[in-house]
Structure formats: C-alpha cells, structure tokens
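Each protein sequence line maps, in turn, to chains A and B. Read in the numbering used here, the first sequence has 1080 at position 337, and its numbers run on one by one without any break. Read in the numbering used here, the second sequence has 389 at position 288, and its numbers run on one by one without any break.
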Amino acid sequence: MKDISTKLLVIGGGPGGYVAAIRAGQLGIPTVLVEGERLGGTCLTIGCIPSKALIHAAHEFERAQHQAGGSPLGIRVQSPSLDIAQTVRWKEGIVHRLSGGVGALLRKAGVQVVKGWAHIEDGKTVRVEPADGEAVRVRCEHLLLATGSAPVELPMLPFGGPVVSSTGALSPETLPRRLVVVGAGYIGLELGMAYRKLGADVAVVEAAQRILPGYDEELTQPVLDALERSGVVLHLGCSVQGYDAQHGVRVRSARADEFALPADRVLVAVGRKPCTTGFGMESLQLDMAGRFVAVDAQCRTSMRNVWAIGDLTGDPMLAHRAMAQGEVVAEVIAGKARRFEPMAIPAVCFTDPEVVVVGRTPGEARAAGLDCIDAAFPFAANGRAMTLEATKGFVRVVARRDNHLIVGWQAVGQGVAELSAAFTLSIEMGARLEDVAGTIHAHPTLGEAVQEAALRALGHAIHI
Amino acid sequence: MGIYAIRVPDIGEGIAEVELVTWHVQPGDVVAEDQSIADVMTDKATVEIPSPVSGKVLALGSSVGDTIAVGSELVRLEVEGTGNLKENSAPAPVHQTQTAPVSIAKIEPPAATPARAAPPAERAPAPAPAPLRASTAPRGNAIVARAAGERPLASPAVRQRALDMGLELRYVHGSGPAGRISHDDLDAHAAAGGQVQSQGPAGYAERHGEEVISVIGLRRKIAQKMQESKRRIPHFSYVEEIDVTELEALRARLNQLHGATRGKLTVLPFLARAMVLALRDFPQINARYDDEAGVVTRYAGVHLGVATQTDGGLMVPVLRHAEALDLWACAAGIASVAEGARSGKAARDALSGSTITLTSLGALGGIASTPVINHPEVAIVGVNRIVERPVLRGGQVVGRLLMNLSSSFDHRVVDGMHAAQFIQAMRALLETPALLFVE
Ligand SMILES: Cc1cc2nc3c(=O)[nH]c(=O)nc-3n(C[C@H](O)[C@H](O)[C@H](O)COP(=O)(O)OP(=O)(O)OC[C@H]3O[C@@H](n4cnc5c(N)ncnc54)[C@H](O)[C@@H]3O)c2cc1C
C-alpha cells in the first residue's frame, strides 16, 4: 500500500470539501482531497446545478408551448417538441464543465486529489480504496470530514426501477407519463414542477397538511396557486403505503381511507440524511447533535484536529453554508482567527414562483420575543414585474420596532432568487429600514419592491 | 424654559438609600416622559427610574457607584414651561451618604442670569467642584449596554477585523445607528486600551494592560455579604460522600414517565426533600441567628434559599415553604425563583427570608467545596458533582454514582455532632430514596 503524509486531508469533494481544499491550498497548507465519485459533490453533479438546469429547460419548453398556444405578446411559434435525451446531455455538459473546473481550481491551488472511497482508520489515518489501482494510506495532522448527505429512502418504497431519488430524476432516459412525487419539500416541488412543465402528469403526496412546511403560509400561497393552475394534483396529509406497477402508489389519507395513484415513475424526495456511517467515522466516537456531527463555531468536532462541515453538520443543508464553513476551516487551520457566525443564511426554493427566505419571518421574530414590524410590497404594483408578466408574489421585510434594524426578508415571485443577495447583505451589514429606503434602486427592476417594502414598513410606501 | 429636578423617588419598603448602578442618559440628551434615566439598586432588586417629564438633561447628580438618599436630586432637566426649580434657586440639599462629590450642587445654570451672581460666600465651599460629565462622553472602552444574548451589530468586515485584532465585539461601543459598530469604533476601542488579545490562537504572547473594575451594584452587595458572613460566623465545614446510584435511577425513571407532562427533575428537588425531612429532627439547623440580640430563631417552615448564578453575580432567591411541596412543585418553584433572580425581575421579598440555603455548582461541582453561610442563617448545604467511581461491594468492584455534599455550619449555635447527624440523616434518605416518600 502506498503511503502519503499531508497536513490536511479532506474527505469529500462537494462544495464544502472542495472550497476548504482550494482555500487551504491558497494558504500554502499541504492538502489532499479524497472523493469517491465526481468532484463537486451533490451540489454540482446531482443537486443544485443539474436541478436548476432541468428547471430552466422545462421553463423554456413550457414557454414555447405557451407561445404556440397564442401569446398575448403576439409571438407565434410552431408546436414545440422535446428531446429529453438531448436535454440530459446538455445538463451533463454543464456538470462536466463545472466538475472539470473544480479539478482545475484544485490543481491550481496545489491540492492533491485522490480518487476513491476513504475509510477512516483513526483520527489521523485514512485508507483510500480506489475503484481501480492500488490502495493508499494517507496520514494527516488535520482531518476534515465533508462527506455530505444522501437521500432518505422509505422502507415501503425502496429505490430501484421506477422508484427514483432526486439523483435518478435528474437524469431521466425517458419522460414518465405519470409521475408521483413523494414529499412536498423544496426538492420534490422543484422537480415536480419541472416535470409538469416537461409534459408529465404530476401528483404530489405529502404527509404534512401543507407544502414547503419549512416556510410560512403567506409565502407559500403563490406557489400553491401556481401548482393548482399548472394541474399538479396535491394530496396533503397523506402517507404512502407502497408501490406496484399495476396499481401505482398506494396512499392512505389522514381519514385512513386508502387509494391508489397510477404512476409509471415515483420520485421519493422526503429529505436527506447526513453521511456519517460506512466509512469508519463511528470509530472516532465524535459527539453528535442528533443525527449530525456536533461542531463548534470553528467547525471543530469533539476530537482534536478533526473538523466537519457541510450537510454532515446540520441544517440548513445548503451548498453555500458548506462553502462558507469550508473557507472558515481552512483559514483556522492556517492559524487565522475565524468563526462561522453568519447573521443569516439565505434559503431559496426554485419553484415557479421562487421563494426566498433570509433571517427571521414575522412568526419567528415573535417566537424569539422580538417586537417587530413587517410590511410586504406586492409585485402587482411593480412596473418591471408587469413587463415580465410576473406580477404574482411580494417582498416582505421584518424589522425591530424600536430601532428599525432589519431582521428578516422574505419574497416569493418570479426571479426573486436574485434578490437574496440584497437581502443577505442588508442583514449582515446591520441595515435599518431607513438604509434600504434611502438607497436608490434602479428603475424599472423587481428590486424596487425591496425598497418599497422598507418604505411601507416605515409607513410611507410611494407606489401603493 | 424652566429647570426641573428629578429626585430619587421613594421606592417603598422603608428604603432610605439606593446605589446608582447605571445612567441611561448623559448631559445634552433629550429625554421623553417615562423614559428611563437611571437604574438604582436597593438591597437586592434593581429599579429603573423613569423621567416624569420631557426635557433636556443639564446635569447628572451622582456617579455610578454612589450611594444616594431617597429624595436627593438625581438629574436636572431643562423643560418647557416653568419647571419645578427656580433657575436661581439654591441647589436642593443633596443627601449623600457617601463622600462622593456633590456635583449637582455646583452646576452652572445654562445661561447665567444676573440673579445668579450670588455672593461668593453662598457658593459651595471647597473642595473644588467636580467636573461635570461632558455630553460627549469619551466612548473608547465604555462598556455598552446590550440585552443579554444580543449579538453586537457590525458588518462582516468589522467582525473579521475584530477577530484579527483579538477584540471581543461584545465590549465595543457602537456609535452607528442602532448601535452599529464601525471600523472607527474598533480603532477607538483599541486605542483606549480595549482588551486586545494576542494575534491568532497561540497563547504565548506577552499580555499588557490593566483593567480597574469598581466593585459596585450587585457585586458590591455580594462582596459585603460574603465579608459579613465570614467575619461574623465561625464556619466549620463537613463533607460526606453519598451513593446516589439509586436516586439517579429513580430520577431517570420519573423523568421518563412524567418528564413530558410534569417537567424534568434535577437532583435539587430530591435534595430539598431530604433536607426538609432531616430538618424535622434538627430544628436548630433551620434557623437564623441574630448575634447582636443574642437570639436564635428556629422556624417550623423551611424557606429554602437557592444560590443562583446570575449575569450580575450570585443571588439567593427563596423558595417558601419547601416542606409543603412535592418533587415537581419543588422543581418548578426552584426554576421559577432562579429565573426571577436571573432576569432581575424578582420581587424584593423573593430575595429575603430564607432559613437555610442550598447551593450547587451544577456540572462544575468539583469534589468538595466550602460554602459560605448566607448570613444570618446557620447552615448551608452544597452539592458537588456526581461521578461514577469503582466501589468495592462484597469483594467485587462495581461502578456506583457518588456525590459529595459539602456543608457549612455556624459553630456558635450548631454543634459538630448535630451537623454530622443531620447530614447523615440526609444521606440515609438519599441513598434509599423510597424513604423520601414515607410519612
Ligand atoms: C436535488 C437537489 C437540489 C439541491 N438544490 C440546492 C440549491 O438549490 N441550493 C443549495 O444551496 N443547496 C441545494 N442542495 C443541497 C446541496 O447540494 C448540499 O447542501 C451540498 O451539496 C452539501 O455540500 P457538502 O460539501 O456538505 O456535501 P456533498 O455535496 O454531499 O459532497 C460530499 C461528497 O463527499 C463524497 N464522499 C462521501 N463519503 C466519502 C468517502 N468515504 N470517501 C470519499 N468521498 C466521500 C461524496 O461522493 C460527495 O461527492 C440540493 C440538493 C439536492 C439533492
């Protein structure tokens, strides 16, 4: 067995791991990164990027169809058709380019990449088994765990055949005629809506009484409306019992009656679990926080010089959180004083309309004992939204009553994902309502609704 | 325009003097009616003093840490209308029980009127007037009031720079809107000698600087009480080891059965129960000793002092009639009085009248301690940490959960033998916890 020694060993090449490795390399720390699949992890290869590619393709296809049916804008096109194999090839092209790009960045930073599955022998030694070739033993001073997360499987709906996880749903060989999505969280709804736009009949089964249970109801209402308008059938308060090709998905409602939803494909998107087992991590006996690895504000685990970041370490399980933590760990190992203590972590749901949440919602602010004001500005009163045929939704701000400090932003509407930058910046900078109200926002843009929401909270919105 | 003097109001309960702990205003500030201008502290509770009128602060009458009499002048405001002081009136007599300079007596009125040209003899005699606090108070390392748990407001770049400089943002004054900390605030803090730690995590750099902290407010009360307790009471301490294996099993079982509905139990309510039962046979221990009058008062009810760590320091809120409470009521009572003390919202009588005190350092509890008796009580029982240790039982090594009780007694009125017997009685109850429930 080959032996390598390094200062930092990173297990996992997702957004957490690769960012940590690049930053460590930049800081001159000898670094080895081990990845069993493709560089870029869930995010680049089977998560954020491919899902957004598919959502975009679906959006374009729907638009073409919309225009074929007679557009109020006067555009006329022939009835469009879809070559799903080509769509998937196009998406793979993006993934390939990005994954290759990560490889190039790692090389440029001087990081040694070892392909293969890592197995932890102890807090300083890791064995890597490549798919082909000789095993390697890596000894390190610092071990960074960034093994990410995997889809949760339901015992009565094991993955395989027509039952797929998000990974399978992102690389379809054919389009299903009838898709049943189990789980109305962001992954299920993003993909469910995309499949609907691509032409499938889509039904969603969710155990909770509402969609996107992590968001407040006012915010999810426009999404609910859009789902209904697009013909996605929702079965809320229902649990799945099983699947067979003949009847489809068997469902039990809250009132305990059972029915079957015919389906030729089933997407199970009921959440993700951190990858904490199967590679020897148990032997380190790290302190856990529930199912996650417990870390402090510098991403240290309970074992000296063993660090953990990303989906492994808790909610929100999002790529940008993993990246920010990766950067912190690299800098701390380099001897800098750093902490992972953001004021807010944005969360975006790429449904149509999109939903953005940054900081506290009015309900959360109340629960935290803050006396807050909140105000919403509807896109129906925004000029740019009208020119984009995107007047559904609103921007809402939450601020402390006593000093007008902004503690939260929420928005729902077309393209609002891009507003997350302004939202998060204003909170990190400690902006008050007056700061946003007093900033000139370009006209005509959707961003004007941000300024107007702040003005409205101050009691003097102009355009409503 | 008139001048209005705000005096220290009568806070009730026969309190004659208070200690000034915080100013919420500075000269030059405009205050609204009902806005809080200062916090003062009585024996144990902190009280906000609101302004009865709106106006502009002309001068402050005392410094933080001064003890001031009820009725003495606290602040002078410039107000619309006539005010309650004639501009040229002789300054109100200020009753200060300490030697702090009576600064309000030397305030120059904002505009010297001819009438102010009083004969020099009438002016305050030496010593020289204390300078008034300027309205542009130096901020440097002034400690800023932030609500507990509230994060200091600063942009990411400022937060990063503070980390790099080894500065704790919590202690930095923010001059921006809503108290936002700017790069300039950081510089001012560092220049004023704000505690700068060495670069990076290495702990070997030389450290310089001194910090002078006045012992005021609750801290002073604690210091005085501790001094008093140790000076007046000849303490002796007694430490005994208790096997709490069964007690812990019972506690876990009760929590599992009832935790969700009746609340989780800590060890404290069990100790309180054991104490209440054991005290029935040792009335001399549930007592207060007035050594000046030479009287020991024994109490039938057990009013349990619960030593509680608060942000301001140690306080001892009182759980009344612990003898009448079952485990859960006792647990809830302890939690509630402790919370009252921590939030500073405890009523005054919740902080006095205990007959014996229970003190626990919780997880920090060490193996033994020498608790200080809460004067004028005569006993205190301290709880140390529970540890699992190997114990020989019938020649076999078994793991048992052991915990020490460290107790102190007033040797003038409690004999060593009785003290020991009392703790042994508690031990018997705790080691066979079923006995706690047998009447
Ligand atoms: C469909 C979908 C859509 C998503 N959309 C978004 C979105 O829009 N925005 C967003 O912020 N987040 C999104 N996420 C979540 C995001 O992908 C994750 O939060 C992010 O990838 C977590 O990064 P990570 O570095 O912690 O782990 P991962 O990206 O999961 O990377 C872990 C890597 O470690 C490797 N690995 C694990 N164990 C070993 C081992 N023993 N040896 C070697 N290698 C190992 C894995 O192969 C993997 O490549 C989405 C996820 C999914 C599934």
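From the three backbone atoms N, C-alpha and C, an ideal C-beta is built for every residue, glycine too.
- Any Cβ of chain B closer than 9 Å to the Cβ of Glu1084/A would place that residue at the interface, and such an atom is present.
- When beta bridges are read from the DSSP output, His1063/A appears opposite no residue.
- Selection Arg998/A, Ala1124/A, Val1100/A and Glu1107/A evaluated against Leu1162/A yields Val1100/A as nearest (Cα-Cα).
- CA-CA distance, Val132/B to Pro278/B, rounds to 18 Å.
- For Asp1178/A, the nearest CB of chain B lies under 9 Å from its own CB, placing it at the interface with that chain.
- Under the three-state reduction of DSSP output, Arg806/A falls in the helix class.
- Along the length of the region 314-386 of chain B, whole beta strand (DSSP E) runs at least 3 residues long occupy 336-344, reported in chain order.
- Counting along the chain, Arg443/B sits inside the alpha helix (DSSP H) bounded by residues Leu428 to Arg443.
- Taking the C-beta atoms as reference points, Arg108/B is found no nearer than 9 Å to Gly166/B.
- A direct Cα-to-Cα measurement between Val479/B and Asn387/B gives close to 7 Å.
- Straight-line spacing of the CA atoms in Ile1149/A and Thr963/A works out to 22 Å.
- A direct Cα-Cα distance of roughly 54 Å separates Leu268/B from Arg939/A.
- Inclusion of Asp1054/A in the 8 Å shell around ligand 1 follows from its C-beta lying nearer than that to a non-hydrogen atom of the ligand.
- Using a CB distance below 8 Å, the part of the region 272-291 of chain B facing chain A consists of Gly277, Pro278, Ala279, Gly280 and Arg281, ordered along the chain.
- In the structure shown, the three-state DSSP call for Ile1170/A is helix.
- In this structure, ligand 1 has a non-hydrogen atom nearer than 8 Å to the beta-carbon of Gly784/A.
- Three or more beta-carbon pairs drawn from the region 748-756 of chain A and the region 879-890 of chain A are found closer than 8 Å, and the two stretches are therefore classed as touching.
- Beyond the five residues adjoining it in sequence on each side, Arg1047/A comes within less than 8 Å, by CB distance, of Gly866 in the same chain, given in chain order.
- The DSSP-derived three-state label of Pro965/A is helix.
- Runs of the beta strand (DSSP E) spanning 3 or more residues and lying entirely within the region 113-149 of chain B occur at 118-124 and 137-142, in chain order.
- Residue contact with chain B for Lys1079/A: present (Cβ-Cβ distance below 9 Å to some residue of chain B).
- Straight through space, the alpha carbons of Gly846/A and Gly783/A are spaced by roughly 9 Å.
- Using a Cβ-Cβ distance cut-off of 8 Å, the region 1176-1191 of chain A and the region 1123-1135 of chain A are in contact, since at least three pairs of beta carbons, one from each stretch, lie closer than that value.
- Among the residues of the region 250-266 of chain B, those with a Cβ less than 7 Å away from any Cβ of chain A are Leu254, Ala255, Ser256, Pro257, Leu264 and Asp265, in the order of the chain.
- Glu393/B is classed as exposed because its beta carbon has fewer than 16 other beta carbons within 10 Å across all chains shown.
- Runs of the beta strand (DSSP E) lying entirely within the region 965-1047 of chain A and spanning at least 3 residues, in chain order: 976-979, 982-987, 991-995, 1001-1004, 1008-1011 and 1015-1017.
- Among the CB atoms of chain B, one or more fall inside 9 Å of the CB of Met1172/A.
- Chain-order list of chain B residues neighbouring Asn1146/A: Pro278, Ala279 and Gly280, by C-beta distance under 8 Å.
- A contact between stretches requires three or more CB pairs, one per stretch, nearer than 8 Å, and the region 915-935 of chain A meets this requirement with the region 1002-1010 of chain A.
- Comparing alpha carbon positions, the residue from Asp511/B, Gly483/B, Arg389/B and Ala433/B closest to Ser453/B is Arg389/B.
- Here the region 461-470 of chain B does not lie against the region 420-436 of chain B, with fewer than 3 beta-carbon pairs under 8 Å apart.
- The closest heavy atom of ligand 1 lies less than 8 Å from the beta carbon of Lys795/A.
- Neighbourhood of Arg1175/A in chain B, by CB distance below 7 Å: Pro278 and Ala279, in chain order.
- Listed in chain order, the non-local C-beta contacts of Ser909/A below 8 Å within the same chain comprise Ile789, Gly790, Ser794, Pro894, Ile930, Leu934, Leu1010 and Ala1012, local neighbours out to five positions each way being set aside.
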